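Accompanying notes for the structure given below.
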Amino acid sequence: SSSPPAEGGDGRTRVVVLKTAAGTEFTPASPERHLTVGEPKAVLSADKFLIACGTRPLRSPGVPFDGRKVFDSDQLLWGGVNKVPKNLIVVGAGVIGMEYASMINIIPGNHVTIIDKRDKVLGFADDEVADALLFSMRNKGARFLLGESVTNVRLEGNTVICSLATGKDVMGDALLWCMGRQGNTDTLDLASAGLTADSRGLLEVNECYQTAQPHIYAAGDCIGYPALASTSMEQGRRASCHMWGDFDVEDYVHDETAEMAEQVKPVLQGEFLGRDTEQLFPFGIYTVPEVSMIGKTEQQLTKEQVPYEVGIARYGEVAKSQMLGGTEGFLKLLFCPHSLKLLGVHAIGEGATEIVHIGQVVMAMGGTLSYLHTVVFNFPTFAEVYTLAASDGIRKVNQM
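Numbering (my numbering), first residue to last: 14 to 413.
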């Protein structure tokens, strides 16, 4: 809509926020805990709307969720799980599954088995980083059953039994189900607004977060990947700015044309974050150890036939790691061997979600490896791995 936003008597724009009603009691197993909103007390109209209804865990109909022995990632936080399982089965090796699995895995005496039908974990991450996470978790006792599909989950007494298509039975004290999330858009009458969601309840938006109806915007988990708190808040801010005419796509598009950014795209198109304006959104995974990244992966650059070189620094090379008892981890910089322009930053280890922001700023400013090679960082800090990784990369280029 081109109509100006409504203003109050003081000249300020009126914004109405609609929230889920509180006060309804649910059992720990209830999948509707986040869905019931009660009857509306008034009919509201506006020139522009923002849908930010979030998501909920996607459940399989045949799984006996009771919120105590068999639960999803939301139920884990509702109070039904009153003690830490000694032997936990995690179904789903995505971000949420890997985060919870790694947390339980570091507790002495606990055992975690992770099951996933895919043949690798965190498929969007750099292969070397994902492999390092697997190695670290296995060293602490985790068992990974990849390429395995779950056919049945049942409770026998206090034991959870998870049957796999290959004939295996996995037993544990509890089972955490993390097989994706479902958009809460099914609680809205989208059809009456001329909108449709995909099979997971996710909405498609363009670079300005407009849906197929230009006056209706959507942001956050309900538009899909990356579905992080940090990125969702920025999406909401950008959508709000565009509503009031204060958002220029070209300010946010990097290495892509503004014309490409005008297209309405599926939320999972194969790009790092789906939308061109989000190429410089960092991604943080709070596993143990932490994983963080920004930009392209080696797999993506290879697929796109973009020449690149790699600079790597191990945490063990800096004094900060040695002071903390030999913290594991590394920083990996992907860059153009000709211009030295930074193409991607990937980190795993203590503080990975913090140090990735240094690379984020360099990429946003169009910086090169030369800056990171000569800049001085505080000693002792993990930030020093940037200088070491840049030195490694430049050494490789000089040997060409």
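Every residue gets a Cβ at the ideal spot worked out from N, C-alpha and C, and that includes glycine. Here the structure is a predicted model, which means the values were calculated and not measured.
Under the 10 Å beta carbon count, M111 is surrounded by 16 or more other beta carbons and is classified as buried.
Using a Cβ-Cβ distance cut-off of 8 Å, the segment 131-143 and the segment 176-183 are not in contact, since fewer than three pairs of beta carbons, one from each stretch, lie closer than that value.
In the DSSP assignment, G357 falls within the unbroken beta strand (DSSP E) covering 355-362.
Membership of N100 in the beta strand (DSSP E) is indicated by the continuous run 100-104.
The criterion of a C-beta distance shorter than 7 Å is not satisfied by G324 and D202. Boundaries of the beta strand (DSSP E) around I127: 124-129. For L189, the three-state secondary structure derived from DSSP is strand. The Cβ neighbour count for A377, taken over all protein chains shown within 10 Å, is under 16; the residue is labelled exposed. The residue among S245, G380, A402, Y238 with its C-alpha nearest the C-alpha of L63 is S245. For S115, the closest of V76, S205, L189, V183 by C-alpha to C-alpha distance is L189.
Distance check between Q226 and each of S212, A204, D211, L314 places A204 closest, using alpha-carbon atoms only. Around the C-beta of M150, 16 or more other C-beta atoms lie within 10 Å, and the residue is accordingly described as buried. Contact between R69 and Q223 is ruled out by a C-beta separation of about 25 Å, above the 8 Å threshold. Rounded to whole angstroms, the gap between the alpha carbons of T300 and Y113 is 7 Å. Per DSSP, the unbroken beta strand (DSSP E) holding T172 starts and ends at 172-177. Judged by DSSP in its simplified three-state form, M376 adopts helix.
In this structure, the CA atom of E330 is about 37 Å from the CA atom of K130. Secondary structure note for F148: its alpha helix (DSSP H) is the uninterrupted segment 140-152.
A direct Cα-to-Cα measurement between T366 and D199 gives close to 33 Å. Fewer than three beta-carbon pairs drawn from the segment 206-214 and the segment 117-130 are found closer than 8 Å, and the two stretches are therefore not classed as touching. Remark: C-beta atoms of I128 and V104 approach each other more closely than 7 Å.
F296 sits buried, since 16 or more C-beta atoms from the chains shown fall within 10 Å of its C-beta. Here M184 is bridged, per DSSP, to I174. Here L385 has Y399, A403 as same chain residues with Cβ atoms under 6 Å from its own Cβ, once five neighbours each way along the sequence are excluded. Judged by DSSP in its simplified three-state form, R327 adopts strand. The beta carbon of T164 is closer than 7 Å to those of S176, L177, A178 in its chain, skipping five residues each way along the sequence. With contacts defined as CB atoms closer than 7 Å, V374 and I307 fail to qualify as a contacting pair. A check of alpha carbon separations from T290 across G339, C221, A242 identifies C221 as the nearest.
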